[in-house]
Structures are given as structure tokens and as C-alpha cells.
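Engineer: Under the numbering used here, the residues of the sequence shown are numbered 180 to 684, in order. The beta carbon of each residue, even a glycine, is placed where N, CA and C say it ideally should be.
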Amino acid sequence: MLMLSACSSGNSTDSASAGGPSGDPVSGGTGLIIEQAEPRSLDPALISNSWANSPVLGNALYGTLMIDNPETGDIDFKLAEDFSSTDAGKTFTLTLRDGVQFSDGSPFNAAAVKFGWDRIKDRATASPDITQASLIDSSRVLDDRTLEVTLVEPVPNFANAILQTGMNWIASPASLQAGQQAIDSNPIGAGPFTLEQWSRQDVIKLTRNDKYYDAPRPYLDKLEIRAIGDADQRYNTLVSGGADLALEGVWSNIDKAKNAGLQNAVVPLGGGTTLVLNSTKAPFDDARARKAFALALDLDGINNAVYDGTAKLPHTLFDESSPFYQDIPLADEDRAEAQRLLDELAAEGKPLNFTMSLYPSGKALGEAIQTQLSTLNNVKVDVRTIDLAQVGQIMAKKDYDTLVSTVAFSDPEPRLWSSLHSDSAGNTSGIKDPEMDAALEAGRMATDPAERTAAYETVQKRLVELNPVIFYTRAAPGVIANGNVGGIRQYGMGSVLPEALWIQK
């Protein structure tokens, strides 16, 4: 019988991925952290567990069931003690650590995990992680510490769906049932910190949770978290001493930090930031139009125009550090072939005219692409500026030709499936390709590394052929920090663990 189990180191670690002060961790003090955007809620189902959002806040309030080691791919257990399957990933048993309490003293148990995961699955919650939670068909509480989880279909690497999303954060069911205002003013979790004050558009103050299971962590007495959306202001605040650490997602800031001798770290992810091409309607329902657009772009030129040449470019789907890496180039610039396809489309009465839907911060990207395409015939691109509040409706109605999104991952499962499979609600491009679907399913269900590698080889080849998305830069799930900050550790999609942080006095 095959036993699938997330591997655990058995011990908590405070190894810093970004370097920092030497010696043992020092307790005490207040950590000043900058994130890129303020959360709209402290509800764990609504906080996104990726670098560009508020993951350090989710980790602080609710702790983590499990984390991965980005360098080895192994799973380290935290609030969970084990997560394993004996039937090739169809059914999992989650075992929780004994004796854990929520910050209000109530028991942290399997019923709370079930409540939280069921709630993320509920469309009424409007969680960004509904796609991953919907992999669960049913769950059953066996005892206070044990939850049996049955999936819709076998997903041997289901642990990744947990640790890369808000499923990793469990709140007290009573606090969630009290309503939105209650969860935002008094969130009850089992994390290393509790909420002291949330002054919207200003600061979120947290204080040490003395009931946290993993003493002597957290090392810091308090955290103060502020959101600064402007990249230059974020960097300047850090270097001027207004913050100890910044959650960073802009390559140019990471490059500046590196050149200035600041601590810096980036989790190496596959995929990256993409131009999503809506394949459900003209003009990009024609594969030739998608191919022409992909071949027309000079990614180095975009990098120079948008990121001052500092970005890492995605020449292949998988990062070179991935066990699934293969030298299968994504779209390489070939303007002659792009022009041939554009002329062919125009001869059929279908010149390539489309609109890019971009955030205000995407102005340089839009201008760079317009400039590059202006030297070709039979193509015209306009830019429509959108804001974050419009995105959900735009995606639901497929009311776009091209927009910017992210298809980034450490392990390809579950994000590649959710981004590209025709049955996935997260398939933003709307691409439908039976061969790619079959390969994504094989990569999801296989337990043998060689079988998974073969499946993802097919996925890569179909991506090159179909171009539902155009990868133009690797994601930058980064952290930059001053030299006195110790214990910087990221997991999953660049999520920082606040309990490990300490400051040299």
C-alpha cells in the first residue's frame, strides 16, 4: 500500500533565507513591517496567502497548519502534526498538534478546521481560495485532533493547496459566526500574535500571544504593519529607518536593496506575471492571433521599459531550481513570423485589433507594448485603465481582450491546473484543450516524479503551441530588510513567518 505523507523536519527552524545578524535569536522589541496593500478584512478566508497581499498578517493572527521549505520542497508541520494519505491522494487524514488553544483559550480542534474549510468552499464567502477548497468533496471529524478529508479526485500533492492559500489559517468558528465587524475588530486565531488595534489606512498593531504553542516564539513583543502601495515610497521608508522589513514584489526595489547591501530574498517560483489572452472571443479565439502577439513581443525591451532591466525573465515555464525544469523555451521573439500571421489574418478580414485592460500602475507596460507593436502592420492595440474593484466583474463576464494576471507556483499543483484546465473557474483565458487537460490531470494525480515530469513536459509544449497566456516576467515574491533583522523565513508563495523574526538590539 502506497503511503503518501508530507515530510516533516520534526523541529521548528528559524533559519533566515535572507541572511542577517548572527547568534541566537533575541526576544523583545517591536517589528515595523511594510506590506504592499492593506487587507479589506481580517477574515482568514478573505486574506490572500501570497507575497503581494497580506500573508504576514494571516500568519501572525492565525498561525499555520504547515509550511514548505522552498529549497527542498519538504513539508514542515506547525499547528498540524501530520497530513497523509493511504490511497494515493483520494483521502487524507489531518492530525492536529495536541493541546493547542485559540487566543481566547478555546480549543483549537478538527471541528474548527472543518468549519473554516467548508466556509471557504461556500460561494457566499467570496474567498479567493474557493478553487482550491473545492477540491474537497467532504470532510469528517473523527475526534478533537483528527479530520478525515475526501477529495473530489485524487490529488497526492494536496498539501500545497493548503499551505499556499488561506486554508492554512484557522480561526475560531465562534468568532467567524459573530460576523464581519467582529472578525475585523477581534479576530480569534491560534497564531503568534493577536490584534491590538486596526486603524484603517494607517497601521495594524499586533501584540504577542502568550498562548502560542511554539515557545519561545514569537520573539518580538509587538508588530506594526503598514501598507505602502508606491514602490519608491516603500523602499525609501525602509532605508530611512521607518520600517525594519518590507514585503516586496517589485524587481527594481529588490535590485536597489541588493546594491545597497540590504538583506534581500526572493522565493524562486515557476511561471510568473502574464498577459492573459481571452480565447473565448475574437480576436484571441484564433490561435494565430495569440501566436502573433506572443512572437511580436521583445521581453528584454519590456523589462528595460518597465523594470529598468532588473526583472528575471521567464524563458521557460519552470524555474531552473525546479525538479520539473526542462529547457523548453516559451515564446521567443520572431517578428517576421508574427508579421506573416498578422498578414494572414488581415487577408481573411481579421486584422488584429484589441484592448489591454491594465491597472494604473501598468501604464509603462501598456506604452511599451504599444510601441513594439506599432512597427508591425495589421495590428492595433488600445489601453483601458481599470481598478481593482472592477476585476471580479470583468473576469466573470470575460469582458476583456487582454489583462495582466499571475500564474506563479512553487510546485505546479494546484496552481497550474486551476489556471489552465478547462474545468477550472480560475482558467482566466478560457482556453480549452483536451491534450493539455489530460496532461494537467496526469500531473495532478501521479505520485511518481518521472510521471509528473512527463506530464508537465506536455503542458509546456501545449502552452508554447496555444499561447493562452504570455509570461513576460517572473514573479518577485521578495523580502527586503535592514541588517539587524533576524529569522527571515518565507514559505509557499513568498509568505513570511512573523514568529521567527527577531531584532538585534
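Name the DSSP bridge partner or partners of VAL586?
Structural biologist: Paired residue(s): GLY451.
Engineer: For the alpha helix (DSSP H) that contains ALA617, what are its first and last residues?
Structural biologist: Looking at the DSSP string, the run of the alpha helix (DSSP H) that includes ALA617 is 613-624.
Engineer: With distances taken from CA atoms, which of ALA543, TYR670, GLU620 is nearest PRO656?
Structural biologist: If we check each option's Cα against that of PRO656, TYR670 comes out closest.
Engineer: Exposed or buried, which one is SER500 when buried takes at least 16 other CB atoms within 10 Å?
Structural biologist: Label assigned to SER500: exposed.
Engineer: Grouping DSSP H, G and I as helix and E and B as strand, with all else coil, what is SER227?
Structural biologist: The answer is coil: DSSP assigns SER227 none of H, G, I, E or B.
Engineer: One question on the structure: do THR459 and LYS577 come within less than 8 Å of each other, judged by their Cβ atoms?
Structural biologist: Going by C-beta atoms, THR459 is nearer than 8 Å to LYS577.
Engineer: Between ILE280 and ALA350, how many whole angstroms is the CB-CB distance? I'm expecting something under 8 Å.
Structural biologist: Residue identity differs from the one stated: residue 280 is Gln in this sequence, not Ile. So it is not a contact: roughly 13 Å between Cβ atoms.
Engineer: Near LEU181, which residues of its chain fall below 7 Å by C-beta distance, leaving aside the five closest residues on each side in sequence?
Structural biologist: Because LEU181 sits at a pLDDT of 25, beneath the cut-off of 50, its placement in the model cannot be relied upon, and the point is left open.
Engineer: Which residue wins for smallest C-alpha separation from GLY673, given the options ASN248, LEU273, VAL455?
Structural biologist: The residue with the shortest Cα to Cα distance from GLY673 is ASN248.
Engineer: If you pair each beta-carbon of the region 305-318 with each one of the region 252-265, do three or more pairs fall below 8 Å?
Structural biologist: The answer is no - the region 252-265 does not touch the region 305-318, with fewer than three Cβ pairs under 8 Å.
Engineer: Quickly, what does DSSP pair GLU403 with across the bridge? List them, please.
Structural biologist: GLU403 pairs with LEU211, LYS384.
Engineer: Identify the residues that DSSP records as bridge partners of ASP255: which are they?
Structural biologist: Answer is ILE246.
Engineer: Determine the direct distance from the alpha carbon of PHE262 to that of LEU595, and round the result to whole angstroms.
Structural biologist: Approximately 22 Å between the Cα atoms of the pair.
Engineer: State the CB to CB distance for the pair ASP477 and GLN551, rounded to an integer number of angstroms; the pair is presumed to be in contact (CB under 8 Å).
Structural biologist: Contact holds; Cβ gap of about 6 Å.
Engineer: Taking the straight line between their C-alpha atoms, what separation do you get for LEU456 and VAL648?
Structural biologist: Going from the Cα of LEU456 to the Cα of VAL648 covers about 6 Å.
Engineer: So, are the CB atoms of ILE659 and ALA510 less than 8 Å apart?
Structural biologist: No, Cβ-Cβ distance for ILE659 and ALA510 is not below 8 Å.
Engineer: Quick check on the burial criterion: 16 or more other C-beta atoms within 10 angstroms. Buried or exposed for GLY450?
Structural biologist: Buried is the call here.
Engineer: Once DSSP output is grouped into helix, strand and coil, what is the label at SER317?
Structural biologist: Strand, per DSSP.
Engineer: Based on Cα-Cα distance, which residue from SER317, THR272, SER282, ASP283 lies nearest to PHE294?
Structural biologist: That would be SER317, whose Cα lies nearest to the Cα of PHE294.
Engineer: Using 8 Å as the cut-off, can you tell me whether the region 206-223 makes contact with the region 393-406, which would need three or more C-beta pairs spanning the two stretches below that distance?
Structural biologist: A contact exists between the region 206-223 and the region 393-406.
Engineer: Spatial neighbours of LEU454 within its chain, please: CB distance less than 6 Å, with the 5 preceding and 5 following residues excluded, ordered by chain position.
Structural biologist: Within the same chain, LEU454 has close Cβ partners THR581, ILE649.
Engineer: With a 10 Å radius around its C-beta and 16 neighbouring C-beta atoms as the bar for buried, classify SER306 as buried or exposed.
Structural biologist: Classification for SER306: buried.
Engineer: How about the region 639-646 and the region 464-474: do they share at least three Cβ pairs that are nearer than 8 Å?
Structural biologist: Taking 8 Å as the limit for Cβ pairs, the verdict is that the region 464-474 does touch the region 639-646.
Engineer: If I measure Cβ to Cβ from ALA525 and keep anything under 6 Å in the same chain, skipping five residues before and after, which residues do I get?
Structural biologist: Excluding sequence neighbours, ALA525 sits near ASN557.
Engineer: Mind reading off the beta-carbon distance from VAL429 to ALA444? Whole number of angstroms is fine, and I expect it under 8 Å.
Structural biologist: The Cβ separation is near 14 Å, so there is no contact.
Engineer: Roughly how many whole angstroms lie between the Cα atoms of VAL382 and ILE404?
Structural biologist: The straight-line gap from Cα to Cα measures roughly 6 Å.
Engineer: I'd like to know if the region 531-547 and the region 563-571 are in contact, where contact means that at least 3 CB-CB pairs between them fall below 8 Å.
Structural biologist: These segments touch.
Engineer: Taking the alpha helix (DSSP H) that MET535 belongs to, which residues open and close that run?
Structural biologist: Note, MET535: premise wrong, no alpha helix (DSSP H); beta strand (DSSP E) at 531-537.
Engineer: Three-state secondary structure (DSSP) at ASP389?
Structural biologist: DSSP places ASP389 in coil when its eight states are reduced to three.
Engineer: Mapping the DSSP letters down to three states, classify ALA350 as helix, strand or coil.
Structural biologist: If DSSP states are grouped into helix, strand and coil, ALA350 belongs with the strands.
Engineer: Within 10 Å of its beta-carbon, does GLN356 have 16 or more other beta-carbons around it, so buried, or fewer, so exposed?
Structural biologist: Result: exposed.
Engineer: On the DSSP letters alone, give me the boundaries of the alpha helix (DSSP H) that GLU630 sits inside.
Structural biologist: Per DSSP, GLU630 belongs to the alpha helix (DSSP H) from 628-645.
Engineer: Less than 8 Å between the beta carbons of ILE667 and GLY199, yes or no?
Structural biologist: Taking 8 Å as the Cβ cut-off, ILE667 and GLY199 qualify as a contacting pair.
Engineer: For THR270 and ILE682, what's the separation of their Cα atoms in angstroms?
Structural biologist: About 42 Å.
Engineer: According to DSSP, is LYS684 helix, strand or coil?
Structural biologist: The answer is coil: DSSP assigns LYS684 none of H, G, I, E or B.
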